[in-house]
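In UniProt numbering, the protein residues as written are 1 to 301.
A virtual CB, placed ideally from N, CA and C, is assigned to each residue, including glycine.
Note that the coordinates shown come from a computational prediction; the quantities given were computed from them, not determined experimentally.
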């Protein structure tokens with residue numbers, strides 16, 4: 001299957017970056033968004049094609065333009081993907097590949113299997129790259145360079161359609177990984193969702209301290225790096241917490257256990273236990289090859 005045209009629905013920081021990366025890779029991009037100013041800016045940038053349109057339109061002639069797209073990226077907050085897919089799926093080309101960029105996969109896989117038109121192939125997607133900032137103005141074509149890009153095929157997905165999407169992912173500079181939706185939600189609860197919980201909780205904790213606002217000017221890199229993603233979109237993370245809450249709660253409980261262990265070691269001034277915890281943590285990040293990498297792009301939205 002030759003991909004000549006892609007549609008990107010939602011031109012925020014992820015969708016806008018996808019549109020820019022695809023455009024740079026030689027794929028024509030139809031941009032679809034609810035904000036006319038965003039569409040105008042993306043057109044002026046030469047990122048999206050003239051047939052791009054506002055998703056809020058009720059003009060079937062415009063929606064019919066979607067039949068030009070060989071692949072459709074739904075780059076929206078998780079809870080918005082299903083209603084939008086329901087509205088536009090009757091206009092997808094038969095045989096088109098539909099994917100998303102959401103941070104949870106079981107919910108979308110279960111929901112979209114009932115909403116998509118027959119003959120359309122759904123493969124879940126999650127680029128492990130992003131920003132604590134939002135909006136097209138913060139998008140960039142190199143956002144996905146060397147970033148993991150997870151694909152979660154629906155049951156019955158053909159090897160051909162999976163291979164096509166893997167090639168597209170590679171074209172934008174990302175590294176494709178194929179796993180199940182269940183594996184994704186369990187793993188990403190720890191690697192992406194828990195860090196957001198920790199960053200948000202840490203920032204809120206400091207905010208509660210007396211004169212916390214005054215102290216922030218003294219914050220060093222450790223605090224800034226750890227809390228950077230606390231500024232992330234509430235709307236996006238609300239959807240993640242609602243749709244993957246069971247897996248997130250599991251890792252929060254484990255985190256609480258580890259936090260209690262460290263607190264007890266500190267309270268008892270047990271140098272050996274403190275050293276053991278630090279050594280175990282260091283081994284973990286060294287084993288994953290992330291020690292000292294400092295990937296500022298990795299807010300896995």
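The region 182-268 is shown to contain no whole beta strand (DSSP E) run of 3 or more residues.
The region 160-177 makes contact with the region 1-16, as at least three CB pairs between them are under 8 Å. Under the 8 Å Cβ criterion, the region 219-227 does not count as touching the region 173-192, having fewer than three qualifying pairs. Residue pairing from DSSP places residue 176 in a beta bridge opposite 149. The alpha-carbon separation between residue 217 and residue 255 amounts to approximately 28 Å. Residue state for residue 107 is assigned as helix, using DSSP reduced to three classes.
When Cβ pairs closer than 8 Å are counted between the two stretches, the region 43-51 is seen not to touch the region 82-100, the count staying below three. When C-beta atoms of the region 46-64 are compared with those of the region 17-37, three or more pairs fall below 8 Å, so the two segments count as touching.
Residue environment for residue 263: exposed (fewer than 16 other C-beta atoms within 10 angstroms of its C-beta). Boundaries of the alpha helix (DSSP H) harbouring residue 40: 36-44, taken from the DSSP string. Across the structure, residue 92 and residue 60 are spaced so that their CA atoms are roughly 12 Å apart. Under DSSP, residue 74 forms a beta bridge with 9 and 100. Counting along the chain, the unbroken beta strand (DSSP E) around residue 121 starts and ends at 121-127. For the pair residue 162 and residue 271, the Cα-to-Cα distance works out to about 51 Å. For residue 28, the uninterrupted beta strand (DSSP E) run begins and ends at 28-33, by DSSP. One thing to note: residue 158 has its Cβ within 8 Å of the Cβ of residue 121.
Residue state for residue 54 is assigned as strand, using DSSP reduced to three classes.
Per DSSP, residue 65 lies in no alpha helix (DSSP H) and is assigned neither H nor E.
Under the three-state reduction of DSSP, residue 164 is assigned to helix.
In the structure shown, residue 24 falls within a helical segment according to DSSP collapsed to helix, strand and coil. In the structure shown, residue 169 falls within a helical segment according to DSSP collapsed to helix, strand and coil. With a threshold of 16 other beta carbon atoms within 10 Å, residue 237 meets it and is buried. In its chain, beyond the 5 residues on either side, 82 have a beta carbon closer than 6 Å to the beta carbon of residue 111.
A direct Cα-to-Cα measurement between residue 14 and residue 54 gives close to 18 Å. Here the alpha carbon of residue 78 sits roughly 8 Å from the alpha carbon of residue 243. About 17 Å separates the beta carbon of residue 18 from that of residue 85, a gap too long to meet the 8 Å contact definition. Burial check for residue 247: the Cβ neighbour count within 10 Å reaches 16 or more, so the residue is buried. The DSSP-derived three-state label of residue 1 is coil.
In the displayed model, residue 140 falls within coil according to three-state DSSP, outside both helix and strand.
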